[in-house]
Structure formats: structure tokens, C-alpha cells
Amino acid sequence: MKYRRKFFVISVLIGIALIGLLIIQAVLINMTYTAKDQAFRQNVSAALQTVAQRLESRELFTTVMWVGQHPDSGSRKDSAKWHAQVSVSTSTELPADMPGDTSAPPMRVDGNRLRYVVSAPQRINLRLFDIVSGRETSLVDTFRRQGVYETELDTARFKKGDYMFRYTTSDDSVVLHYAGKAPTGFVSTTGSPGRRELLVSRVMDRLTVFNKEPIQKRIPPGVLDSLLRTHLQENGVGIDYAYGIQAAGEDSLRVAVPPADTARLAATPFRTRLFPADILATRTDLLVYFPDQQWYLWQQVGPYLLASFLFVGFIAFGFVRTIRTILRQERLSAQVRDFINNMVHEFKTPLSTITLASEAIVRPDVIGQRPRIRKYTSVIQDETSRMRDQVSKILQMAVVEEGDYELAMKHLDVHDLLERVCASFSVQVESRDGNLTLAPGAPSARIIADEMHLANVVHNILDNALKYTREAPAIAIRTSTEDGALVIAVQDNGIGMSAEHARRVFEKYFRV
């Protein structure tokens, strides 16, 4: 009882520890998922803000180019002032002499080389702006003496698309537009503050016109999709998305790609203001929705989740195996007790037979009858031999447990074996005023078996039939042949066995 109590306490403690570990793992996994979700939201927000900035920069650059290529848009006074102060040309040839000649841009692209002219010793800045993606790259930022220079370009970056080269010196600023593989024109201003103010004024006027246009006309869908995809991937978000544009105070979306996700887009938490510097216009938001966001986040947590389940599984497996081992040891302990009881039973039966035969020999009515004395002497010899075999069986038990034991198989006649067993057992049956009958009905009883073990089987059955009979025992043994097999049937008038116990009769050391 004390052992069972300790085992119960240990099992409960291990179970509580396992449940606690599972709870801790669940909390840690939830914290990891929350951290991944926060990182995802921050990355998406950063990407959306960058897209909004790039769209605003793109509109500004394209406006500057449009103003430069349409100097006559506006009043005649302004146009005249513009022609006097701003040089605009579609020529892309470098001037024959040093700048001062404003009819051509001071730079030109030849293959993968960008050539540019420095009119006087000064610091120059040459930058490449990708209108589609919004990326800006510094090409040259250093002091140069007067002369013609060139720098190498990464042509893979502008095989297609819209690009601008901005060339800035201390007294001049030039923007060259490059679409696909061909330049489309340039805008150049001198370093005079008044002339730059005129350019800024014209650009602001043009932006005011843009602000009155529908938002979907200000943002080409291809450009917006390209910017979103580029900057989401740069921020580590590489899953499918839907995007839309919604004006403040409106329930419907002005743009929705794809159109089927309108309701989800309207409810998405991922949004940012487009053209934030345009404070006079109606607020318009860029919205993004990710259909596979939950699955994507669980994929991020997946390795931690799998490792957690794996280790917890190992612990649970070890716990179950430990409990099963303890239970098996307890059953083994009970089986050892049953084995001892069984061995006592095995020795008790022949000892009882020997005792009864010895007592019969010295009885006055038997001592003078030689046949009966020979019979009882033969029984004593057989039971002694069986006890010797039992001792041998105990000594061989270790070998049997290891599976290396081999049966002594040989040809034998079952009827002869049954006759010998019945002769040795009849003494005990007669002592209780019972009867034991043998009816060999099988036409052939020759089999291959281990004689000692088969005899023990029959002895055990007969002993149980005798032991568990309350009245005078009536035991009958018969043999028959069924489907080519030899059948040995034993019938008695004992108390019998329940169906539940009958199913366990072949368990090791099992006793009722």
C-alpha cells in the first residue's frame, strides 16, 4: 500500500510538471507569434510610408520635367521671363565648347558610361533617380577640376522604366529625363535665386492643378503596384497582397486591386496617407490587405512550434514509458509471487501423492498385497521423477526467459502418456472417493512434442479439476481427431471459471 501511494504521488507530480511545461510552451509560442505579428506590422507600415514618399517624389520630379518641357504654359509675361531664365531642350548632345552654351545638357549616356562636363573647378553632385521604384542613387559626389569626365553605370538597373539624372553644381542644376533607352529632354536653371524661385513657382502652380485631379489619375496603377511589391519585399514581406485607395469620408474605394477584396481592404489596419505634403487636398489613404497574413505568421513561428512539440513529445513519451515501466515492474513483482505460489502448487501435488501412496503401503489391508504395493511404489517413483523435473525446470527458468530454451521434441504416443498420468493421479482421486476415466477415442495419437511439458500440462489440469471440486470428483479424459488435429478434452464437476478469467488463462503466472 505504501508503494502504491508513493507511485501515485510521483505520477501526479510528473503529470503536473508536464502540464506546467505545456502551459509555459504555449505562453512562449504566443509571445513569439505576437512578436512576429508586431514585426510584420512595423515592416508593412515602413513599406507603406516609403511608397507614399516615393509617389510624392515621383510626382514632383515628373512635374518639374513637365514644366521644363512646357515653358509657355501660363501668362505671356511669365513665359517671357521663363525663356529668359530657364533653358529647356530636347537635345542630348554635349556642347562643342565648354558650358556657357545652354542649348544642350552637360551630360550624356553612352552605353554603360555617363559623360558629364565640369565648366569650372567646383564640387559636383550627380544622382540617379528611379521614378518607378522611387530609389535614388548617388553616382558622383566630389570636387572636380574643369573638364569632361565619365562614370560607369549599372545598365541592368535601367534597361526599362523611367529615370532621371540630376546634375548639381554650385551655379547650375540640370535634370535629364531618361525613358527606356532614350533621353526625352532636360531642364536646366542657373544658380540665380530669382530664377530658381520662378521654377519653383511654376512647379507649385502645376502641382495645384494635379491636386484637383482624381487620385487614380495621379497614380498609375502599374507604378503603385511595382512600388508596393518592391518595398514590401525589401522590408521582408514577400506574400500576396491586395491594395486600394480610399478618400476620407467615403465608404467605397476609388481603387481596389483585385476588386473582390473591397470589404476586407476597407477594414484593413494597414493604411497610410498619400501625398502627405499636400495639406490643402482631401486626405486619401493607401490601403493594403494580406489574405495569407495568419498563415504567413504561423509559418514564421512554425520552427519554434515544431521544436516545442517535438521536445514536449519526447518528455511525454519518457513519462509514459516510465509509468509503464513502473507498472510493469509492479506486475512482475505480482507475477513472481504467483510464480512462487505456482511452484509450491507444483511441488505440493506430487508430495501429496507420495504421502498418500506411502500411507497406503503401510496399511494392514495393503501390506500383504504385492500388486498394490508395486502400484503405489510405481506412483511414488513417478511423482519423485516429476518433482525432479520441476526442479530442473526452475533451474532452466533463466534460459527460458532469455528465449534460448529449446524443447526436447520427440515422437510419442499421447494415449500412453495419458495412461501414465492417470495412474499416478488416481491415488488422489480415490482418496476423495472420486473416479477418473480415460476414453482414448482418437484413431491415431502419435505426435511430436516435449513429453515432460505435455505431461505437466495434463497434471495441472487434473490437479485443478480435483482442487476446485467441492464434492466427490468425477473427471473424464477423452481424445478425438478434428480437422487433422489431436484434441485432448478434460471434463470435471468443479466450480468452473468466469469468462473474464478464462480469457487470461494463458497469461504468464496467472492464477484465479
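With our numbering, you'll find the sequence shown wraps up at 520, consecutive numbering, no jumps.
Cβ atoms here follow ideal geometry from the backbone N, Cα and C, with glycine treated the same way.
**Message:** If I follow the unbroken alpha helix (DSSP H) through Y304, where does it start and stop?
**Reply:** Per DSSP, Y304 is one residue of the alpha helix (DSSP H) stretching across Q301 to I369.
**Message:** So, does the segment 295-313 touch the segment 250-265, judging by three or more C-beta pairs under 8 Å?
**Reply:** Contact annotation: the segment 295-313 touches the segment 250-265, with at least three C-beta pairs closer than 8 Å.
**Message:** Just to confirm my understanding: we take T58, look at its own chain, exclude 5 residues before and 5 after, and list those with CB closer than 6 Å. What are they?
**Reply:** Correct list, in chain order: H239.
**Asked** What number of angstroms, rounded off, separates the C-alpha of G147 from the C-alpha of R62?
**Response** According to the sequence provided, residue 147 is Leu. The question's Gly does not apply to it. Answer to the nearest angstrom: the Cα atoms are 19 Å apart.
**P114 in three-state terms, based on DSSP** = Note: P114 maps to coil in three-state DSSP.
**Asked** Which value, in whole angstroms, describes the spacing of the CA atoms of V520 and S506?
**Response** Spanning the two alpha carbons is a distance of roughly 10 Å.
**Request:** Could you tell me which of Q499, D424 and V495 sits nearest to L444, measuring between CA atoms?
**Result:** Q499
**Item:** CB contact flag (I304, I37, <8 Å)
**Value:** Sequence check: residue 304 is Tyr here, not Ile. No. Outside cutoff.
**Item:** Same chain, Cβ closer than 7 Å to I27, neighbours up to 5 away in sequence not counted
**Value:** none
**Request:** Can you tell me the Cβ-Cβ gap for R116 and E160, rounded? I've got them flagged as a contact below 8 Å.
**Result:** R116 to E160, Cβ: 14 Å. No contact.
**Asked** Would a C-beta distance cut-off of 8 Å place Q308 and K44 closer than the cut-off?
**Response** yes
**Prompt:** Within the 8 Å Cβ cut-off, does Q337 reach chain B?
**Reply:** Protein chains in the displayed structure number just one, and chain B is not present.
**Asked** If I483 sits next to A473, beta carbons under 8 Å apart, how far is it from one beta carbon to the other, in whole angstroms?
**Response** 5 Å
**Request:** Put G257 into one of helix, strand or coil per three-state DSSP.
**Result:** coil
**Asked** When the distance is taken between beta carbons, is H423 closer than 8 Å to T363?
**Response** no
**Asked** Taking the alpha-carbon positions, what's the D458 to P372 distance?
**Response** 40 Å
**Message:** Restricting to Cα atoms, I'd like to know which of L21, E354 and Y157 is closest to I469.
**Reply:** E354
**Asked** Among the residues of its own chain, which have a CB less than 8 Å from the CB of F278, if the five just before and after it don't count?
**Response** Excluding sequence neighbours, F278 sits near R49, V52, S53, L56, L295, V296, Y297 and F298.
**Prompt:** M460 to V399, Cα distance in whole Å?
**Reply:** Approximately 12 Å, taken between the alpha carbons.
**Asked** Can you tell me where the beta strand (DSSP E) with A457 in it begins and where it stops?
**Response** A457: member of the beta strand (DSSP E) spanning R454 to D458, first to last residue.
**Request:** Alpha carbon to alpha carbon, how far is E338 from F347? Give it in angstroms, no decimals.
**Result:** 14 Å
**Asked** When we look at the beta-carbon of M172 and count the other beta-carbons within 10 Å, is it buried (16 or more) or exposed?
**Response** M172 is classed as buried because its beta carbon has at least 16 other beta carbons within 10 Å across all chains shown.
**Item:** Local conformation of G442 per DSSP, three classes
**Value:** coil
**Prompt:** Since T292 is in the beta strand (DSSP E), which residue starts that stretch and which ends it?
**Reply:** T292 to Y297
**Request:** Check whether the segment 447-457 touches the segment 418-433, counting contact only when three or more Cβ pairs, one atom from each stretch, lie closer than 8 Å.
**Result:** With the cut-off at 8 Å, the segment 447-457 and the segment 418-433 touch.
**Asked** Under the rule that 16 or more other beta-carbon atoms within 10 Å means buried, what is G108, buried or exposed?
**Response** Below a pLDDT of 50, predicted positions are generally treated as unreliable, and G108, at 36, falls in that range; the measurement from the model is reported next regardless. In this structure G108 is exposed. Its beta-carbon is surrounded by fewer than 16 other beta-carbon atoms within 10 angstroms.
**Prompt:** So P114 and V182 are in contact, right, with Cβ under 8 Å, and what is the actual spacing, rounded?
**Reply:** 6 Å
**Request:** Return helix, strand or coil for D373, following the three-state DSSP convention.
**Result:** helix
**Item:** Minimum C-alpha distance to D118 - residue among D149, Y186 and E67
**Value:** Y186
**Item:** DSSP three-state assignment for Q389, whether helix, strand or coil
**Value:** helix
**Item:** Backbone secondary structure at T177 - three-state DSSP
**Value:** Note: T177 maps to coil in three-state DSSP.
**Prompt:** So who's on the other strand from A450, going by DSSP bridges?
**Reply:** Looking at the DSSP assignment, A450 forms no beta bridge with any residue, so it has no partner.
**Asked** Considering only the beta carbon of each residue, do L282 and A60 sit closer than 8 Å?
**Response** yes
**Asked** From A104 to D286, what distance separates their C-alpha atoms?
**Response** Confidence at A104 is low in this model, with a pLDDT of 38, below 50, so the placement of that residue should be treated as unreliable; the coordinate-derived value is given next. Rounded to whole angstroms, A104 to D286 spans 43 Å at the Cα level.
**Request:** May I ask you to report which of helix, strand or coil DSSP gives N133?
**Result:** strand
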